[in-house]
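Throughout the sequence shown, residue numbering follows this note's numbering, covering 4 to 374 in sequence.
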Amino acid sequence: MVDFENISKFHIKEKKETEKEEGFEMLYETYHGSELMETLSVQRERNEKTTALFTDIDNTFYKAGKENAMAYLTEKAKEGNVPIIAVTGNDFNGVHKRIESGELPHFQVIAGSVGTEIWVLHKSEDGKYEYKKDEYFEKLLTEGGFEREELVKKSLDLIKELSVKSPESRFDFQIPEIESAWLADKTAKCQSFKISFYFFADRQSLEQISKMAQEYFPSQSVIICEEINYNSTLSPDEVVKKYCLDVLPIAKGDTVNYLSKLSDIQQGIVAGDSGNDVEMLLHSGSLNSVLVGGYKPEAEKYIGEALTVKKRGRRSFQKIVQPDGSIKAIYIEQEPGQHQAAESIKRAAEILLRAEKIKIIREKRQSLSKS
């Protein structure tokens, strides 16, 4: 298992010549002077709690037809020196191409491949942007027990077993040619800490396949979400849908917590819409979570099961009691048909800002009454 418990012992704000901690040099080179640290530094200078937005990209931060809401959030974050950290299933190269094309803004951090690779934004003196890879994070994943060759071989056994028990599922690697090429030649291109599959299932067989995958990979994170591009073409009464299954050493929530501890982020929002976002929505410390409009059924199901008290009514944050007894607030879009993706993040942020203003007013009144 990957251990991030001690990551908060690193302080990247200034380098000490006597620093001997293993990995410090790697982290310093990646994060010192980065756009992430610069924006958080401005917040500290204003004596504010350090704040960030962690967000999935597709159908959460970006959605075709909702670009205005994305642009609004980007501008407001820039005005407030709030870093936007993308935590996405897409790999870094794919996200970077979309940034270069102008479709997406420059995120201060890109945590790609379902949070298993981290790239940090730097701006040179001549105004050019460059992303640096967090090599220390990669080192932790490598040492954490993700033996890719062994896992791919286990995957072949799972594929074989399902071809007999559930041939209609058509369970297979997402891109079989890539995994075959990698097994034959370890220098072949692949996602180092991610093994992905596609399959077809109704509700009952979905649960069976999920259980089998977890039994095959007990020490890894097994994440299942709908393949929405395919399923959106199906009729409403179609019960068999297409799914993506990822085997990973960690989940998105682990990456969010790693970055929060490393950068000393004290508050903010975590936003997502699908099954591979659930873990970071539920397990991201004290950060507020947002399940945006247009959310997928599997996300609604798992988050609904975790709710401590289910509220009715619009625009209300609901509560989840964490294992340590702390309370986590989560906003579930009440009008998913009308307000989707970045629009939901905007609405949730407005609620939080109003609540913060009310809190400040109350504290001032209490202070005056005591004096």
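Where is the CB? At the ideal position from N, CA and C, for every residue including glycine.
Nothing here was measured: the structure is a model prediction, and the numbers come from that model.
Checklist entry - What is the DSSP secondary structure of Gly-256, counted as helix, strand or coil? => result Correct three-state label for Gly-256: helix.
Next on the checklist: Would Val-293 and Ala-351 qualify as a contact pair, given that the criterion is a beta-carbon distance under 7 Å?
Outcome noted: Cβ distance < 7 Å, so Val-293 and Ala-351 count as in contact.
Checklist entry - Could you give the C-beta distance for Thr-42 and Val-90, rounded to a whole number, given that I count them as a contact under 8 Å? => result Contact flag wrong, Cβ pair sits at about 17 Å.
Checklist entry - Given 8 Å as the limit, is there contact between the stretch 217 to 224 and the stretch 248 to 259, that is, 3 or more CB pairs closer than that? => result yes
Checklist entry - Looking only at its own chain, which residues have a Cβ that is under 6 Å from the Cβ of Phe-320, when we skip the five neighbours before and after it? => result Ala-332, Tyr-334
Next on the checklist: Let me confirm a value: Thr-33 is counted as buried when at least 16 other C-beta atoms fall within 10 Å, else exposed. Which label applies?
Outcome noted: buried
Next on the checklist: Can you give me the C-alpha to C-alpha distance between Ser-44 and Leu-356, rounded to a whole angstrom?
Outcome noted: 21 Å
Next on the checklist: Do Met-29 and Glu-138 count as a contact pair if the criterion is CB distance below 7 Å?
Outcome noted: yes
Next on the checklist: Please classify Asn-406 as buried or exposed, where buried requires at least 16 neighbouring CB atoms within 10 angstroms.
Outcome noted: Residue 406 cannot be examined here, being either before or after the span of the chain that is shown, 4 to 374.
Item to check | Ile-268: first and last residue of the uninterrupted beta strand (DSSP E) it sits in | outcome: Run containing Ile-268: none; DSSP gives neither H nor E here.
Checklist entry - Grouping DSSP H, G and I as helix and E and B as strand, with all else coil, what is Asp-280? => result Helix, per DSSP.
Next on the checklist: Mapping the DSSP letters down to three states, classify Lys-367 as helix, strand or coil.
Outcome noted: helix
Checklist entry - Going straight from the alpha carbon of Ser-235 to that of Glu-303, what length do you get? => result 17 Å
Checklist entry - First and last residue of the beta strand (DSSP E) that includes His-125? => result It spans 120 to 126 - the beta strand (DSSP E) in which His-125 sits, taken as one unbroken run.
Item to check | Three-state secondary structure assigned by DSSP to Gly-307 | outcome: helix
Checklist entry - Counting along the chain, where does the beta strand (DSSP E) carrying Ile-333 start and finish? => result 330 to 335
Checklist entry - Helix, strand or coil: how does DSSP classify Leu-248 here? => result strand
Checklist entry - From this set, Val-243, Ala-216, Phe-174, which residue's C-alpha is nearest Gln-207's C-alpha? => result Val-243
Checklist entry - DSSP state of Leu-39, grouped into three classes? => result helix
Checklist entry - Around the C-beta of Tyr-134, are 16 or more other C-beta atoms found within 10 angstroms, so that it is buried, or is it exposed? => result buried
Checklist entry - Would Lys-52 be called buried (16 or more neighbouring beta carbons within 10 Å of its own) or exposed? => result exposed
Checklist entry - Ends of the alpha helix (DSSP H) at Ala-72? => result 70 to 82
Checklist entry - How long is the line joining the alpha carbons of His-125 and Gly-115, rounded to whole angstroms? => result 17 Å
Checklist entry - Cβ atoms of Lys-245 and Tyr-233: under 7 Å apart, would you say? => result yes
Checklist entry - From what residue to what residue does the beta strand (DSSP E) around Thr-145 run? => result It is not in any beta strand (DSSP E) - Thr-145 instead sits in the alpha helix (DSSP H) that spans 138 to 146.
Item to check | When Lys-214, Val-117, Leu-159 are compared against Gly-278, the one with the closest alpha-carbon | outcome: Val-117
Checklist entry - Asn-62: buried (16+ other C-beta within 10 angstroms of its C-beta) or exposed? => result buried
Checklist entry - With a Cβ-Cβ cutoff of 7 Å, do Gly-296 and Pro-326 count as a contact? => result no
Next on the checklist: So Glu-229 and Glu-301 are supposed to be a Cβ contact under 8 Å. How far apart are they, rounded?
Outcome noted: 6 Å
Checklist entry - In this structure, does DSSP put Thr-33 in helix, strand or coil? => result If DSSP states are grouped into helix, strand and coil, Thr-33 belongs with the helices.
Item to check | Same chain, Cβ closer than 7 Å to Asp-267, neighbours up to 5 away in sequence not counted | outcome: Thr-53
Checklist entry - How big is the Cα-Cα spacing for Thr-311 and Phe-140? => result Each residue's Cα considered, the two are about 33 Å apart.
Checklist entry - Excluding sequence positions up to five away, which residues of its chain have a Cβ less than 7 Å from the Cβ of Thr-21? => result With a pLDDT of 39 at Thr-21, under the threshold of 50, the predicted position of this residue should be treated as unreliable, and no value is reported.
Next on the checklist: Can you tell me whether Ser-319 is helix, strand or coil according to DSSP?
Outcome noted: DSSP places Ser-319 in coil when its eight states are reduced to three.
Item to check | Own chain residues within Cβ distance below 7 Å of Val-281, not counting five before or after | outcome: Ala-302, Tyr-305, Ile-306
Checklist entry - Residues in its own chain within less than 7 Å of Ser-372 by CB, not counting five upstream and five downstream? => result none
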